[in-house]
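To keep things clear, I will list the structure first and then write my remarks on it.
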Amino acid sequence: MADRVNTQSLLTGAEEPVVQFESVGMRYGLGPEVLSDVSFQIAPRSFQFLTGPSGAGKTTLLRLILLSVRPTRGLVSVFGEEVSGISSEALTNLRRRMGVVFQDFRLLDHLTTYENVALPLRVQGRSETSYRAEVVELLRWVGLGERMHVLPPLLSGGEKQRAAIARALIARPELLLADEPTGNVDPGLGRRLLRLFIELNRLGTSVLIATHDFGLMDLVDARRFVLGDGRLTVEA
Amino acid sequence: MMGETGSPTAKAQASSQAGAQARAGDRPPVKPPAPPESRGGGPLPPTLRRNAPLVPTDSAASRALAAVIAILTFLAALCAGAAEIVASSAVQWQGTVAQEVTIQVRPSPGRDIDADVARAEGLAKATPGISAVRVFTKAEAERLLEPWLGSGLDLSDLPVPRLVTLKLAETTPDLKPLRASLTEALPGVASLDDHALWLRRLSTAANTFVGVGVGIVVLVLVATGLAVVFATRGAMAGNREVVEVLHFVGANDDFIARAFQRRFFGLGLRGGIIGSGAAIAAFALAGLVARNWRSGPAGEEIEALFGAFHIGWRGYAAVLLIGVIASVVTGIVSRLTVRRFLS
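As you go down the protein sequences, you meet chains A and B in turn.
No gaps in the numbering here: position 147 of the first sequence is 131 in the numbering used here, and each next residue is one more.
No gaps in the numbering here: position 167 of the second sequence is 249 in the numbering used here, and each next residue is one more.
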């Protein structure tokens, strides 16, 4: 039976969308447009998948939301703020409200699993004792309680993925972006991680998961953004 | 530092924790935040590393930079120490020389030189601020010429000038009245030499040397700064991934710049301590060698020039200060470089 998640697509009242794209086009250099005329909204506390064939532009779309690239045309707003010409201070503040799981994990190889997961809290200038219990609790929950002092090169693919997810969740973000978060784990653990995302969504975080795992998507009754040929369609 | 595996007790602790985690596996994944007072101090393996530097320390490049900073600091410290030796020796010479002035009385046909000398002595004694007056006898004056003319000569035919040295009281008196009265009483015969020309030359030479020393120290510090700029840019390029991840997890540019600054300040401090330590050792060694040579003629010359090759507390302080400045420059330059690189 599919889990029930918050599938609202219409905004209620005066709440502004967490992410809003209006006719966004994106190309790298002089190449062809990777995304063209993409418009959508992510409502607060909503849950959605982003899917499409490889090379359809899923990662580019996530990078646009993450503000690591700027659109060639169109408007991108994140947490109600239009991002063209945003100051670096405002950019930092927006990123602190997001959590992201990269397809290639991007763990820092010279830091232990514990230090990697604690990173978002550490960069906020918090002292290590203030977040230790939280980090340990989350690490144990994702099954890395025994691996917290290990450096990432010694972790298996699945362990790296769980560490990357824990790092994205630790600061309780308002928006979670995940690029193929269950790609390297067995189906059982994949389901458990998905339930973690759903639980996070119930606590108020908007979730966008990029995946091509239809088995995973079928577990949740959620909106699907489908990318194909650079265009985006929304399937309820 | 890498791959800590923990003590046996830590491992046992960790495995019991793992059991607890497996049992707790199906509880709701995200709990509301715990109240602050219950946080902190959770049971962690005692060997867990918690706050490693965010910028990885590439040992080969770090060692090279620390070595460059150490060498540059050493050279700058040598320069500063040498300048300090010259400056303090010059002050010493000047002090000794400036405490004395000399009246020279030249023999003149038809005049009694002994009477002229006595007259000059009388005038000097009458001048306030002169603490002692000493008249060189004819024999003493002739002996002064021995090093140039050789001994055993009959100098009675030579018009050897006679000298009267005046020791000045501590506060330098105004010598103009004495000069005027000497010119008036013994015109064309007596002159007063306050060594001003010699002192000026000595002071110019010493100042030039000190100025060159300071200039070289500044140049060396600038070179250190430039080396750090290159090293920081290299580290930034090598750690592009780290910088990107730090940005994504919400670090601002200043946080990243501070992480780099901390790492480079550490390297600078290591280089600075090694460099200034080596310089201090070099000065101590030079002092020791100079002391051992003191008995020989060369030792006397060296001591006459440089004192006991002793740089004094000011010299040591300058050397240490250069080490500190080098590490501070390293930290600040790396931070500015990162800020510029990121903006």
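Idealized CB from N, CA, C, for every residue including glycine.
None of the values given here were measured: they were computed from a predicted structure.
Continuous alpha helix (DSSP H) stretch holding residue i: start and end
{"i": "R116/A", "result": "E112 to W125"}
{"i": "I49/A", "result": "K42 to I49"}
{"i": "E17/A", "result": "Segment E17 to I26 is the beta strand (DSSP E) holding E17/A; no alpha helix (DSSP H) there."}
{"i": "G450/B", "result": "Shown here, chain B extends from 83 to 425; a query on residue 450/B therefore has no answer."}
{"i": "D196/B", "result": "I195 to A208"}
{"i": "T166/A", "result": "First-last for T166/A: undefined, no H or E at that position."}
Given residue i as reference, the closest of the options once Cα atoms are compared
{"i": "R215/A", "options": "T76/A, T35/A and V204/A", "result": "T35/A"}
{"i": "V22/A", "options": "T44/A, P171/A and G64/A", "result": "T44/A"}
{"i": "L248/B", "options": "K220/B, K207/B and P229/B", "result": "K207/B"}
{"i": "R290/B", "options": "I362/B, A165/B and V215/B", "result": "Before going further, note that residue 290/B is Thr rather than Arg in the sequence given. T290/B has its Cα closest to that of A165/B, out of I362/B, A165/B and V215/B."}
{"i": "E203/B", "options": "L308/B, S273/B and S409/B", "result": "S273/B"}
{"i": "R282/B", "options": "G177/B, R340/B and L418/B", "result": "G177/B"}
{"i": "Q87/A", "options": "E73/A, V204/A, S38/A and P55/A", "result": "S38/A"}
{"i": "I362/B", "options": "T155/B, P135/B and V292/B", "result": "T155/B"}
{"i": "E222/A", "options": "E(-1)/A, L19/A, P28/A and F33/A", "result": "Since the displayed chain A opens at -15 and closes at 220, residue 222/A lies outside it and no answer follows."}
{"i": "R244/B", "options": "G211/B, F423/B and K220/B", "result": "K220/B"}
{"i": "Q181/B", "options": "F423/B, V331/B, S213/B and S238/B", "result": "S213/B"}
{"i": "R80/A", "options": "P28/A, V120/A and L103/A", "result": "L103/A"}
{"i": "V304/B", "options": "D196/B, P138/B, V183/B and I407/B", "result": "I407/B"}
{"i": "G141/A", "options": "F89/A, V204/A, F31/A and M82/A", "result": "F89/A"}
{"i": "D196/B", "options": "L349/B, F218/B and P210/B", "result": "F218/B"}
{"i": "V168/B", "options": "H329/B, A287/B and N374/B", "result": "A287/B"}
{"i": "A278/B", "options": "D194/B, T184/B and M318/B", "result": "T184/B"}
{"i": "V169/A", "options": "L139/A, R186/A and R151/A", "result": "L139/A"}
{"i": "N100/A", "options": "G127/A, L135/A and H196/A", "result": "L135/A"}
{"i": "V414/B", "options": "G232/B, E224/B and R345/B", "result": "A small correction: the amino acid at residue 414/B is Ile; Val does not occupy that position in the sequence shown. The candidate whose alpha carbon is nearest that of I414/B is R345/B."}
{"i": "L351/B", "options": "D256/B, L227/B, L403/B and A366/B", "result": "L403/B"}
{"i": "T96/A", "options": "V150/B, N374/B, R340/B and R132/B", "result": "R132/B"}
{"i": "A319/B", "options": "L231/B, L227/B, P259/B and V420/B", "result": "V420/B"}
Cβ pair residue i, residue j closer than 7 Å
{"i": "M132/A", "j": "L122/A", "result": "no"}
{"i": "L51/A", "j": "V67/A", "result": "yes"}
{"i": "A206/A", "j": "V85/A", "result": "no"}
{"i": "I298/B", "j": "C161/B", "result": "yes"}
{"i": "V3/A", "j": "I70/A", "result": "no"}
{"i": "A134/B", "j": "G357/B", "result": "no"}
{"i": "A147/A", "j": "L91/A", "result": "yes"}
{"i": "L241/A", "j": "A74/A", "result": "There is simply no residue 241/A to check, as chain A begins at -15 and stops at 220 in what is shown."}
{"i": "V107/A", "j": "A333/B", "result": "yes"}
{"i": "P1/A", "j": "Q25/A", "result": "yes"}
{"i": "D336/B", "j": "L424/B", "result": "no"}
{"i": "V325/B", "j": "A158/B", "result": "no"}
Residue interval of the beta strand (DSSP E) (run including residue i)
{"i": "R446/B", "result": "Since the first residue shown for chain B is 83 and the last is 425, residue 446/B is missing from the structure and cannot be characterised."}
{"i": "S71/A", "result": "Note, S71/A: premise wrong, no beta strand (DSSP E); not H, not E."}
{"i": "Q181/B", "result": "No beta strand (DSSP E) contains Q181/B, which DSSP labels as neither H nor E."}
{"i": "L211/A", "result": "R207 to G212"}
{"i": "V4/A", "result": "The question names Val, yet the displayed sequence has Gln at residue 4/A. Per DSSP, Q4/A belongs to the beta strand (DSSP E) from V3 to R11."}
{"i": "S273/B", "result": "A272 to D275"}
Residue-chain proximity (residue i, chain D), Cβ-Cβ < 7 Å
{"i": "G405/B", "result": "The question asks about chain D, but that chain is absent: this structure's protein chains are A and B."}
Any 3 or more C-beta pairs closer than 8 Å across the segment 54 to 63 of chain A and the segment 177 to 193 of chain A: no
Segment contact flag, the segment 307 to 322 of chain B with the segment 127 to 146 of chain B, C-beta cutoff 8 Å, min 3 pairs: yes
Cβ contact check for the segment 186 to 204 of chain A and the segment 109 to 128 of chain A: 3 or more pairs under 8 Å: no
Residues from the segment 69 to 101 of chain A in contact with chain B, defined by Cβ distance under 7 Å: S72, E73, T76, R79, R80, V84, R90, L92, H94, L95, T96, Y98 and E99
Selection of the segment 308 to 333 of chain B by Cβ proximity to chain A, strictly under 9 Å: Under the 9 Å Cβ criterion, the segment 308 to 333 of chain B contributes E323, V324, E326, V327, L328, H329, F330, V331, G332 and A333.
Chain B contacts from the segment 127 to 141 of chain A (Cβ-Cβ distance under 8 Å): Look at the segment 127 to 141 of chain A: the residues with a C-beta under 8 Å from a C-beta of chain B are G127, G129, E130, M132, H133, V134, L135 and L138.
Selection of the segment 130 to 162 of chain B by Cβ proximity to chain A, strictly under 7 Å: L130, R131, R132, N133, A134 and P138
Under 9 Å (Cβ pairs) to chain B, residues found in the segment 49 to 64 of chain A: L50 and S52
Residues from the segment 331 to 365 of chain B in contact with chain A, defined by Cβ distance under 7 Å: V331, G332, A333, N334, D335 and F337
Contacting positions in the segment 100 to 118 of chain A - beta carbon closer than 7 Å to chain B: Correct list: L103, P104, V107, Q108, E112, T113, S114, R116, A117 and E118.
Within 8 Å of chain B by C-beta, residues of the segment 147 to 161 of chain A in sequence order: R151, L153, A155 and R156
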